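**Q** To start, I am sharing the structure in question, which I have written as structure tokens.
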Amino acid sequence: MCKRPLALLLAAVTLFSFSSCKKSEPVVETVNIAEEINESAAHEVIECPNDNMIGLEKIVIFEDHVVVVLDKQICDDLEYDKNKWVGNAYDYTLEKYLDEENPRFSLRVTNYCGSFSSSIEVINDKYVVTVALDNNEYNKYDPNEDFEIRGVRIGDFAIEFDEEKVELEYIATGCDIMCFYTQVYDRSAKTWGSVDERVVGCETQPDV
Numbered sequence: 006m007c008k009r010p011l012a013l014l015l016a017a018v019t020l021f022s023f024s025s026c027k028k029s030e031p032v033v034e035t036v037n038i039a040e041e042i043n044e045s046a047a048h049e050v051i052e053c054p055n056d057n058m059i060g061l062e063k064i065v066i067f068e069d070h071v072v073v074v075l076d077k078q079i080c081d082d083l084e085y086d087k088n089k090w091v092g093n094a095y096d097y098t099l100e101k102y103l104d105e106e107n108p109r110f111s112l113r114v115t116n117y118c119g120s121f122s123s124s125i126e127v128i129n130d131k132y133v134v135t136v137a138l139d140n141n142e143y144n145k146y147d148p149n150e151d152f153e154i155r156g157v158r159i160g161d162f163a164i165e166f167d168e169e170k171v172e173l174e175y176i177a178t179g180c181d182i183m184c185f186y187t188q189v190y191d192r193s194a195k196t197w198g199s200v201d202e203r204v205v206g207c208e209t210q211p212d213v
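Counting from 1, position 47 in the sequence shown corresponds to residue 52 in the numbering used here; the numbering is continuous, with no gaps.
Written as structure tokens, this is what we have:
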């Protein structure tokens, strides 16, 4: 007579165990980005709030390369292509570069005449972009001067920096118009200015 209640009890315990397993959330491992990119060896680290048009959070400057960290969601939600007159509307995304071995990003470097290598990956929902120069004496215009990295170009974005500010620029293009978007970060005040828009016509001059 006791076998039936015991079997029901065991079935209930088994069902509870399965339902508990289903409700458990998977453990998401996070990566320490600073350790991953060896940030402690950098010449300079520029950190900023990510409330800017591309979600820029950090620029890590080494002797021969730069690592840029951007919030992926903010960067993917770029709103400055969303004008009906812009020919490549909704086209901007860094995701299209993830499968490329060398996305051809570049640096703005003084005293340099060589090429660049670059990569992009997603870590902790951040785009982590690395752009490197060929640190060779033969790539110097003047062998007595050092290289000085002053900016980085990532796809359609340019990021320039100095001791006082960081400046972002994005160019949205259409068939007969170009729209320049810029935003400046004041490093001493630690605040971003508003996004500035400048529209330029691309009229073609007729042949004479």
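C-beta atoms are modelled at their ideal positions from N, C-alpha and C, and glycine is treated no differently.
Only a predicted model underlies this, so the values are computations on that prediction, with no experimental measurement involved.
Which class does Y143 belong to by DSSP, given the choice of helix, strand or coil?
**A** Residue numbering aside, residue 143 sits at position 138 when the sequence shown is read from its first letter. In this structure, Y143 counts as helix in the three-state DSSP scheme.
**Q** Just to confirm the assignment: which complete alpha helix (DSSP H) runs, minimum length 4, are found wholly within the region 124-185?
**A** none
**Q** Which partner residues of V204 appear in the DSSP bridge assignment?
**A** Counting from 1 along the sequence shown, the entry for residue 204 is found at position 199. DSSP output for V204 lists C184 as bridge partner(s).
**Q** Compare the Cα-Cα distances from I51 to each of G156, V205, R109 and V204 and report the closest residue.
**A** Within the sequence shown, numbered from 1, the residue matching residue 51 stands at position 46. Here the closest residue by C-alpha is G156.
**Q** Considering only DSSP beta bridges, list what I59 is partnered with.
**A** Stepping through the sequence shown from its first residue, residue 59 is reached at position 54. In the DSSP output, where bridge partners are listed per residue, I59 has none listed.
**Q** Using the Cα positions of A137 and S122, report the straight-line distance between them to the nearest angstrom.
**A** The residue you call residue 137 lines up with position 132 of the sequence shown. The residue you call residue 122 lines up with position 117 of the sequence shown. Those two C-alpha atoms are separated by around 5 Å.
**Q** Below 7 Å CB to CB, which residues in the same chain sit around E142 once its five sequence neighbours on both sides are set aside?
**A** Along the sequence shown, read from residue 1 onward, the residue named residue 142 stands at position 137. Here the set comprises P148.
**Q** Thinking C-alpha only, which one of D86, E68, E100 and K101 is nearest T115?
**A** Numbered from its first residue, the sequence shown carries residue 115 at position 110. Looking at the Cα atoms, E68 is the closest of the given residues.
**Q** With DSSP as the reference, label Y190 as helix, strand or coil.
**A** Here the question's residue 190 lines up with position 185 in the sequence shown. Three-state DSSP puts Y190 in a strand.
**Q** Given this structure, state the Cα-to-Cα distance separating I182 from T98, to the nearest angstrom.
**A** The residue you call residue 182 lines up with position 177 of the sequence shown. The residue you call residue 98 lines up with position 93 of the sequence shown. Near 21 Å, if we compare the C-alpha coordinates of T98 and I182.
**Q** The beta strand (DSSP E) with D76 in it runs from where to where?
**A** Along the sequence shown, one-based indexing puts residue 76 at 71. Note, D76: beta strand (DSSP E), H70 to D76.
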